[in-house]
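For what it's worth, my numbering labels the leading residue of the sequence shown as 544, then goes sequentially. Quick reminder that beta carbons are idealized off the backbone N, C-alpha and C, glycines included. Only a predicted model underlies this, so the values are computations on that prediction, with no experimental measurement involved. Before any comments, here is the structure.
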Amino acid sequence: MNKITIPDKDYWQKRSEKRISNWFKEAERLEKRLKREYEKALQEIQKEISYFYAKYAVKENIQYKNAILKLNKSELRQFRYKLENYIKEIQVYGNKQLEKELNALSVRSRITRLESLEANIKAELSKLYSEEQLEIGQFLSAATKENYYQSVYEVFKGIGIGGSFAKISPVTIEAILKYPWSGENFSDRIWGNAERLARAIKQELTQAFIQGKSNQKLARSIRDRMNVSYKNSMRLVRTETAYIANESTALGYEATGIVNEYEYISTLDSRTSDICSKLDGKVFKLSERQVGVNYPPSHPNCRSTTVVHFEDEIGERIARNLKGKSYYVPSDMTYEEWYQKHVVDKYGKDQIDILERQRKNRTNDKQQYKKYKKILGKKIPTSFDKFQELKYNNSKEWNKLKEEYHKVFITKDFKEIAPLFKGKLGDVETRKWYKWHDENIPNLIDKSKPIEDQAREAHSLRNTYRTQARDLMRDQEKRKSLDLNYPNKTFEELIADKMKRKNMTREQAIQDILKTATKSNKKVNKSLGLE
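Have a look at this one:
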């Protein structure tokens, strides 16, 4: 009888990583196809909104009170005709919930303009996410089947023997895809994304009409919301790909009949999560594997994998230093051993906390780096690594840089900062930006014009800055409350209010508008520590 030679761990790890890497490349191709679907849906939604503005806008915007007016008989008849076509399309896609909503809408005798627009948009989103569900489902099915056979083949090839094994059935594949390993299966998560996007777009429409936004501004807001949803879907694709790749690998192990144990393999670099680092190198029985507990993926964007485990293996495995350069370490070296030797011993205990903070804050720090680079340009370090080095190792220079950043940031025009900061600023930073621009209004007014023209200009600038500041706010629920309770008033509405509330003449009211245009609410400023 010939002796079976079992390859070392490096052999199994390379093949496992290559196999899963190939599927992630396929996932990237899927993401590109889905991107085109999102762009197509966005175009259709923007067509609907453009038509709505063309029909109901006055001076390029639509007031909320006009958006919630009831459809007239002719409009209602046209809308019901469209609803019939939508319902037929949705029946093909199988979106029972939306079909039920539209059927209920079709029998109502009173429907608002806004409700009709929202229904049109929901129908487009249903098409998009139904297509997404189909594409992702087909991709994951193919990945499950092919990866299963590849993992079986690699085990038999690696040990140099052949063997019989069962084909993976469609029923098994469907069960894997429907299993809610992360609390929801991929289909539920897709429709969860769809519902969140529908709610977000509904909120954007309501706010746009309350604030008097133009079609162009609303279109940008919708595009931003669609982009966020697309990114969520791509994260879903990557996470589900990791799950399917690892799950079908486990089924392949079981099918060989000779693999009883597996070893958990984490990536040896500074980005590895605490969960995976503690599991690295541990051997588990195949019969006792639990996804998210002792089998990957252990969290979203998990990069860990597994290899078959046989006794008396030797060899090497790949590690990466803090700069991402690859090198080899013994295959039996665990994450904790690697961390002690190649991080703690190399950099010293005093640097460990700093390195840990750099690693854990890497994602947030990258966003911060982009913001600082946008505001300060060449005044910040030339690379992200140098930026982190400064932030965590030179407190004096970092404090100077932060001070310079805030000093420059508040002076920036909204159009310049909106791409990175819109919907992302805390209350204090938002207020600082608004306060500076509000107080700068006198420098922008043409003093040679009559007093009323100056007052109109000051009033217009203040309303603009107020709306822009609210656009920058992270807390959009609070912003919605501000829009409803403290809406921007027209120039004539403000004059009438001052004449009534302060018992002023029209001329006095105009003077007061000009005088108070730069005075922000002291109570709010004080509550945020700005006065």
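CB contact check: residue i to chain C, cutoff 7 angstroms
{"i": "S1063", "result": "Here there is only one protein chain, and chain C is not present."}
Sequence-distant residues of its chain with Cβ nearer than 6 angstroms to residue i (five each side left out)
{"i": "R558", "result": "E697"}
{"i": "R562", "result": "Q693"}
{"i": "S564", "result": "none"}
{"i": "F1034", "result": "R999 and H1002"}
Status (buried if at least 16 other CB within 10 Å, exposed otherwise) for residue i
{"i": "I611", "result": "exposed"}
{"i": "S772", "result": "buried"}
{"i": "A597", "result": "exposed"}
{"i": "S764", "result": "buried"}
{"i": "R651", "result": "exposed"}
{"i": "E727", "result": "exposed"}
{"i": "Y807", "result": "buried"}
{"i": "Y624", "result": "exposed"}
{"i": "A686", "result": "buried"}
{"i": "V695", "result": "buried"}
{"i": "I994", "result": "exposed"}
{"i": "K1066", "result": "exposed"}
{"i": "K1041", "result": "buried"}
{"i": "P713", "result": "exposed"}
{"i": "D823", "result": "buried"}
{"i": "E750", "result": "Reading off the sequence, residue 750 comes out as Gln, not Glu. The residue in question, Q750, is buried, as its Cβ has 16 or more Cβ neighbours within 10 Å."}
{"i": "A570", "result": "buried"}
Residue j beta carbon less than 7 angstroms from that of residue i
{"i": "I605", "j": "I664", "result": "no"}
{"i": "C819", "j": "S830", "result": "no"}
{"i": "W941", "j": "K950", "result": "no"}
{"i": "E661", "j": "S757", "result": "no"}
{"i": "R768", "j": "A743", "result": "yes"}
{"i": "W555", "j": "V850", "result": "yes"}
{"i": "R1022", "j": "R1013", "result": "yes"}
{"i": "I711", "j": "K688", "result": "yes"}
{"i": "S1024", "j": "R902", "result": "no"}
{"i": "N736", "j": "N775", "result": "yes"}
{"i": "W566", "j": "A741", "result": "no"}
{"i": "L677", "j": "E580", "result": "no"}
{"i": "V834", "j": "H852", "result": "no"}
{"i": "L626", "j": "S649", "result": "yes"}
{"i": "H980", "j": "Y948", "result": "no"}
Cβ neighbours of residue i in the same chain (closer than 7 angstroms, five flanking residues each side left out)
{"i": "F622", "result": "L614, I654 and S659"}
{"i": "E932", "result": "none"}
{"i": "F752", "result": "I605, Q606, Y607 and A610"}
{"i": "S669", "result": "I633, Y636, N638 and L641"}
{"i": "A1060", "result": "I984, A1001, H1002 and R1005"}
{"i": "L577", "result": "E675, E678 and S776"}
{"i": "I953", "result": "K975, W976 and W979"}
{"i": "L1037", "result": "H1002 and I1056"}
{"i": "M1047", "result": "K1041 and D1055"}
{"i": "K745", "result": "E661"}
Beta-carbon separation (whole angstroms), residue i vs residue j, contact threshold 8 angstroms
{"i": "R656", "j": "Y599", "result": "6 angstroms"}
{"i": "N1028", "j": "T1010", "result": "Between T1010 and N1028 the Cβ distance is about 15 angstroms, and since that is not below 8 angstroms, they are no contact."}
{"i": "R739", "j": "P843", "result": "The Cβ separation is near 16 angstroms, so there is no contact."}
{"i": "E675", "j": "I733", "result": "6 angstroms"}
{"i": "A666", "j": "Y629", "result": "4 angstroms"}
{"i": "K909", "j": "L963", "result": "K909 to L963, Cβ: 12 angstroms. No contact."}
{"i": "A793", "j": "Y838", "result": "7 angstroms"}
Residue i beta carbon near the ligand SAH (any heavy atom closer than 6 angstroms)
{"i": "E1074", "result": "Looking at this structure, you won't find the ligand SAH or any other ligand, since it has none at all."}
Same chain only: Cβ atoms within 8 angstroms of residue i, ignoring 5 sequence neighbours per side
{"i": "L944", "result": "Y915, L919, K922, I923 and L933"}
{"i": "K828", "result": "N803 and E804"}
{"i": "L1073", "result": "V971, R974, K975 and K978"}
Inset, instruction - Check whether the stretch 1050–1067 touches the stretch 983–998, taking contact to mean three or more Cβ pairs, one atom from each stretch, closer than 8 angstroms. - result: Flag = yes, the stretch 1050–1067 and the stretch 983–998 touch.
Legend entry - Cβ contact (3+ pairs, closer than 8 angstroms) linking the stretch 969–986 and the stretch 948–958: In short, these stretches touch, since the Cβ pair count reaches three.
Legend entry - the stretch 783–790 in contact with the stretch 674–686 per 3-pair CB rule at 8 angstroms: Contact holds between the stretch 783–790 and the stretch 674–686, because three or more Cβ pairs, one in each stretch, are under 8 angstroms apart.
Inset, instruction - Would you check if the stretch 959–973 and the stretch 984–995 touch, i.e. whether three or more CB-CB distances between them fall below 8 angstroms? - result: When C-beta atoms of the stretch 984–995 are compared with those of the stretch 959–973, fewer than three pairs fall below 8 angstroms, so the two segments do not count as touching.
Legend entry - the stretch 797–806 / the stretch 641–653 touching (three or more Cβ pairs under 8 angstroms): Cβ pair count under 8 angstroms is below three, so no.
Inset, instruction - Pair every Cβ in the stretch 965–974 with every Cβ in the stretch 1010–1023, then say whether three or more of these pairs are closer than 8 angstroms. - result: Result yes; three or more Cβ-Cβ pairs closer than 8 angstroms.
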